[in-house]
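If you read the protein sequences in the order shown, they are chains H and S. So in our numbering, the last one in the first sequence is 114, and the numbering has no gaps at all. So in our numbering, the last one in the second sequence is 998, and the numbering has no gaps at all. This report concerns only the one structure given below.
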Amino acid sequence: MQPKSDLPQGTLDLLILKVVALGPVHGYAIAQRLEQVSRHVVQVPQGSLYPALHRLENRGLLAADWKETETGREAKFYKLTAKGRAQLETETASWERLTQAVALIMKLSEGGAE
Amino acid sequence: MNWWQRLLRRNKMEDQLERELLFHLEQNEKELIAGGIAPAEARRRARMSLGGPEQVKEECRDARGTRWLEDAWQDFNYALRTLRQRPGFAAIALMTLALGIGATTVMFTLVNGVLLKPLPFSEPKKLVAVHGQSAQWNVESFGKQNVAYLDYLDCVRSSKSLELAGVLFDSGTVSEPGEPEYAEVREISSNLFSVLQVSLLRGRAFLPEEDHAGGPPVAILGYGFWQRHFASNEEAIGSSIALDLKRFTVVGVVPRGFRLYGGDADVYTPLGQDTAPYLQNRAVHPVHVLGRLRTGRTLAEAQAELGLIGKQLAEEFKDTNGGRTLVAEQLLPETGNVRSTLRLLLGAVTLVLLIACANVASLLLARAVSRERELAMRVALGATRGRLVRQCLTESMVLGLSGGTLGVFLAAGAIQPFVAYWPGALPRAQEVQLDWHVLLFAAAISILGSLLFGVAPAFRASFSEPEKALRAGTRGIAGGTRRLHSAFVVAEITLALVLLVSAGILGRTLLRLSALDPGVNVHNVLVARMALSPATLAAPAKTRAAWKDVLERASRVPGVESVATVDTFPMREGDNEQAYWTSADMPPENKMPFALLTSVSPDYLRVMGIPLRRGRFFNEKDTLDSPPVIVIDEVLARTAFGAQDPIGRRLWIPEMGYGGNVFEIVGVVRHVRHWGLAGDDQAKIRAQIYYPFLQLPDGFMHRWSQLMSIAVRTKIQPLGVLASLRGALKGAASDQVLYDVRTMEQLASDSLAEQRFLLLLFGIFAAVALAMACIGIYGVLAYLTGQRVPEIGIRMALGASRHRVMWMVLRQSLGMILAGVALGSGASWAAGQVMLKTVEGTQPTEPSTFVLTVPILIAAALLASFLPARRAGRVDPVIALRQE
């Protein structure tokens, strides 16, 4: 297994919003999903997941409900609020702009090195 | 959820957080087991990947955003616990603060009610007062000039920006219904109440058609008058009263507490119905004019407009209005001269409050130092500096706000008695109430005070070095703390000394003033204002006869030695000030000297016991047919004639209005302290002129009789003759009344009431300050000495005697005391200068005041230091060293 890199600052919130956007989901499932999707490349510290969830809930981007899971256990399910959806869109857009810009710069400097 | 909902559901949220994390762990564990990992190992891995559960929880709590409040709540509870652990400390601190904040709150309530509150009418900022202004008018001695009636009418007609109303002061005797009573009358324009936007309690205001000559005689009653004469009966409306023998139909009653120009009136009548000739004279200015700005108009517009009207009047009526302008300004409450007294007292209570804060600060500091280990432990366990400062400040806030709450309760109980005890009548006393302004003020000073006494201990706590404190145990005491402690004690002593010296200055002032001779023999003299029967006022001849009759009847009353009539009294409100000159070649009136004029009957000197210095006093032969004469006092004799003999000289008194305004001086009498024992020396107008009532022409009889008083010298206790005097003077129709009855002794004593009152308060403040400073010194020394027990043990083991040890402690205290005295002496001198300006009769601070007060302070402070010193002297070296 390749060594995992740390998540860039501030992207955890975006990733959580993205995952929750797919439908109501509990904390553990979010952690699972993040790990699967990032294909074990990115290290998502589980310990910082919950504070992030609470912070997002506190800001009104996420709403939470206690519901039963398929196995009949009570769990806290998070879903996106309208405000959260809007935030996700703006953040996705700005993320894309940023990555494009970074990619461009990387290419430039490669070109310069040649 | 709002932050407060989150806060309220704190337990539920904690529970949910726990369950959420547990669910995560269990799911993870289950999956790992399903993947073939042994249960114990699965649990370990699940826990590893989540991290420490308590840390995660803490972070989640932080994410809630209510952290600060939860901490505050925790700190609050902690503060309550620590205070409860040391009930003695808590009691002293709370009491100190309650006293300081309570006293300050009482004074602020007064300042707020008397000086800060606007007039109790709606939109008071739109109310405007109109005054006359001219170079001839001496505002300093007479106050603002009112307006001539005709000028007032012209203003009403011309002003577009103001709706103007007029008020004329008058008085009379109401003979029906009930007992005859002297009444304060206000003649008012019909729109007065609508201008003020006051609705009457009963009935209606005057109608415009009632507000002109020949209108139906109608009256509105004052609330108090309605209570006294109609027992608050509804039927008063429509019934009639007899005012100076004229029948008026009552149409309304003003609401309770309605006051204009500071006073309570008994009866209101329409101003327009008054046909007195003087109202037609533009040179006489009796009307108080006020107005309300019309919608959309500003004060500046009104000022410009009135200025213009005044200028037009000055051009049109050169003789009477030349050089006079009209000015408009915001109508403000009348507060007399209490402003400076209130400020002085507010300053004094602020000192008391500061002492209280310094006291609590030094107590807290002592405690903070003894809690050093606890605080160091907290730092070691991860508390941040900010967190510690917050915790300490929360403690002092709890202390400050509880002390403030107690203080407000104290103040609530003390305000009314305090107002009642105020010397004379406190202006606007009815406005002095504990309202939200006052509560806000109390809260503000509590919080400010908390910061003041909490900051030093809080920062002291946070900047100590934890590992040093932990290692050193309770023994370490930095020099910095000692200096800080000393600073508080020095501050307390400084402030206490200021109050002590101030009390000393006041005490000396009072002693000096009490010993002054008022210039009259105040023993066994009864004075009362007297209203003749209204019937006798109709004709001057009848009036003269009535006064003659009054003098004769009064002199026959058993116990009466002599009796006189007089218009104005020494040491009592009311005077007649006029310009005089010693030749016919007079400068403009505002350049001329002024004197106090008193119209008297011949026996006045005998009644008042005023010694005659030269010439003669008046007698029965000074009548309308004889040359007009006056008697002057020594002050006037000295200022006008110097060493020359004034007898036979003449004075020109241009506004006198009879005898060609030229009067021959027939006698010189001793100066009388008209302005009271305290005020007379500094009064602007001191010279006195007496003139015989008998020489007044007919035109004066009515007005002078309204102002007249009688003075009676008695052989027995003066109030003892009052009943029989009243009986003898009630007149044929039983409608003559004596009112405002006083003895001259009361008047003389009242003239020092303010000084006595201030002395009492400053005495109390100084005593409280002294007590607090002593508690402060005791606390600090006891603490510092306690810290030095091991050191003392070593000293004693090395051979220091008990006395030497005690002296060591006392010397430390003496150092603080002397520093405080040095600083305090300077501050006291400044306080003395303030007193000199504010309190009548004060003289520059004498060194003897310090000589008398400083030892008191030093003795008390040393006494407070003695207990800790003795304890230090009793230290057993063996035990002290074993503690090491």
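All residues carry an ideal CB built from backbone N, CA and C; glycine is no exception.
Exercise for the section: May I have the straight-line CA-CA distance separating arginine 157 (chain S) from tyrosine 50 (chain H), to the nearest angstrom? Expected result: 19 Å
Problem - 3-residue-minimum beta strand (DSSP E) runs that sit fully inside the segment 774–857 of chain S, ordered along the chain - result: 776–783, 802–806, 823–828 and 851–857
Practice task
Note down the Cα distance separating glycine 83 (chain S) from isoleucine 215 (chain S), rounded to an integer number of angstroms.
Solution key: Nothing can be reported for residue 83 (chain S), as the shown portion of chain S is limited to 115 through 998.
Problem - Per-residue burial, methionine 106 (chain H) [other beta carbons within 10 Å of its own, 16 or more giving buried] - result: exposed
Handout entry: Coil, strand or helix - glutamine 692 (chain S) by DSSP
Key = strand
Problem - Cβ-based burial, valine 636 (chain S) [other Cβ within 10 Å; buried from 16] - result: buried
Practice task
Compute the Euclidean distance between the alpha carbons of proline 701 (chain S) and tryptophan 661 (chain S), then round it to the nearest angstrom.
Solution key: 37 Å
Exercise for the section: Determine, using beta carbons only, whether valine 639 (chain S) and threonine 857 (chain S) come nearer to each other than 8 Å. Expected result: yes
Practice task
Can you tell me which of S:Tyr853, S:Arg438, S:Ser303 and S:Leu651 puts its alpha carbon nearest to the alpha carbon of isoleucine 824 (chain S)?
Solution key: S:Tyr853
Exercise for the section: Could you name the residues that DSSP lists as bridge partners for aspartate 284 (chain S)? Expected result: S:Val299
Exercise for the section: Using the DSSP secondary-structure output, state which residues sit across from histidine 26 (chain H) in a beta bridge. Expected result: H:Phe77
Problem - CB-CB length for phenylalanine 754 (chain S) against threonine 712 (chain S), believed under 8 Å - result: In the sequence as displayed, the identity of residue 754 (chain S) is alanine instead of phenylalanine. No, alanine 754 (chain S) and threonine 712 (chain S) are not in contact; Cβ-Cβ is about 17 Å, not under 8 Å.
Exercise for the section: Measure from the C-beta of alanine 113 (chain H) to each C-beta in chain S and report whether the shortest distance is under 8 Å. Expected result: Residue placement at alanine 113 (chain H) is flagged as unreliable, the pLDDT there being 45, under the threshold of 50; the coordinate-derived value follows with that caveat. Not closer than 8 Å to any Cβ of chain S, the Cβ of alanine 113 (chain H) fails to qualify, so no.
Practice task
Would you list the residues sitting across from arginine 406 (chain S) in a DSSP beta bridge?
Solution key: S:Leu241 and S:Glu277
Handout entry: Option in S:His788, S:Ala543 and S:Gly955 with minimal Cα separation from asparagine 226 (chain S)
Key = S:Ala543
Practice task
Use the C-beta contact count for glutamate 443 (chain S): other C-beta atoms within 10 angstroms, 16 or more gives buried, fewer gives exposed.
Solution key: exposed
Exercise for the section: For tryptophan 766 (chain S), write down the residues that DSSP places opposite it in a beta bridge. Expected result: S:Trp695 and S:Val776
Exercise for the section: Say whether chain S places a C-beta atom closer than 8 Å to the C-beta of glycine 27 (chain H). Expected result: yes
Exercise for the section: Determine, using beta-carbon pairs with one atom in the segment 605–625 of chain S and one in the segment 949–958 of chain S, whether at least three such pairs fall under 8 Å. Expected result: yes
Problem - One or two residues paired with methionine 644 (chain S) in a DSSP bridge - result: S:Leu852
Handout entry: Buried or exposed (CB count within 10 angstroms, at least 16 for buried), leucine 495 (chain S)
Key = exposed
Exercise for the section: Please determine if the segment 349–363 of chain S and the segment 300–307 of chain S are in contact, where contact requires at least 3 C-beta pairs separated by less than 8 Å. Expected result: no
Handout entry: Residue-chain proximity (asparagine 142 (chain S), chain H), Cβ-Cβ < 8 Å
Key = yes
Practice task
Could you tell me which of S:Pro384, S:Lys274, S:Gly774 and S:Val826 sits nearest to arginine 318 (chain S), measuring between CA atoms?
Solution key: S:Pro384
Problem - Interfacial residues, the segment 176–198 of chain S to chain H, with Cβ spacing under 8 Å - result: Asp176, Ala177, Arg178 and Gly179
Exercise for the section: Compute the Euclidean distance between the alpha carbons of leucine 489 (chain S) and threonine 508 (chain S), then round it to the nearest angstrom. Expected result: 15 Å
Problem - Bridge-paired residues (DSSP) for tyrosine 382 (chain S) - result: S:Arg300 and S:Ile334
Exercise for the section: Check whether the Cβ atoms of leucine 17 (chain H) and glutamine 87 (chain H) sit closer than 8 Å, and answer yes or no. Expected result: yes
Problem - Residues near arginine 985 (chain S) by beta carbon distance below 7 Å, same chain, minus five either side - result: Thr899
Problem - CB of alanine 975 (chain S) within 8 Å of CB of isoleucine 891 (chain S), strictly - result: yes
Practice task
Could you check if phenylalanine 964 (chain S) is buried or exposed, using at least 16 other CB atoms within 10 Å of its CB as the buried criterion?
Solution key: buried
Exercise for the section: List the whole-angstrom C-beta distance separating valine 786 (chain S) from isoleucine 724 (chain S), where the pair is believed to meet the contact cut-off of C-beta under 8 Å. Expected result: 6 Å
Handout entry: Sequence-distant residues of its chain with Cβ nearer than 8 Å to proline 369 (chain S) (five each side left out)
Key = Val312, Ser313, Leu314, Leu315 and Tyr337
Handout entry: Any C-beta of chain S under 8 Å from that of glutamine 100 (chain H)
Key = no
Handout entry: the segment 988–997 of chain S contacting the segment 936–944 of chain S, beta-carbon criterion three pairs below 8 Å
Key = no
Handout entry: Cβ-based neighbour list, threonine 588 (chain S), same chain, cut-off 6 Å, excluding 5 preceding and 5 following
Key = Because threonine 588 (chain S) carries a pLDDT of 47, less than 50, the predicted location of this residue cannot be relied on, and the following value inherits that uncertainty. The answer is none, since no qualifying residue turns up.
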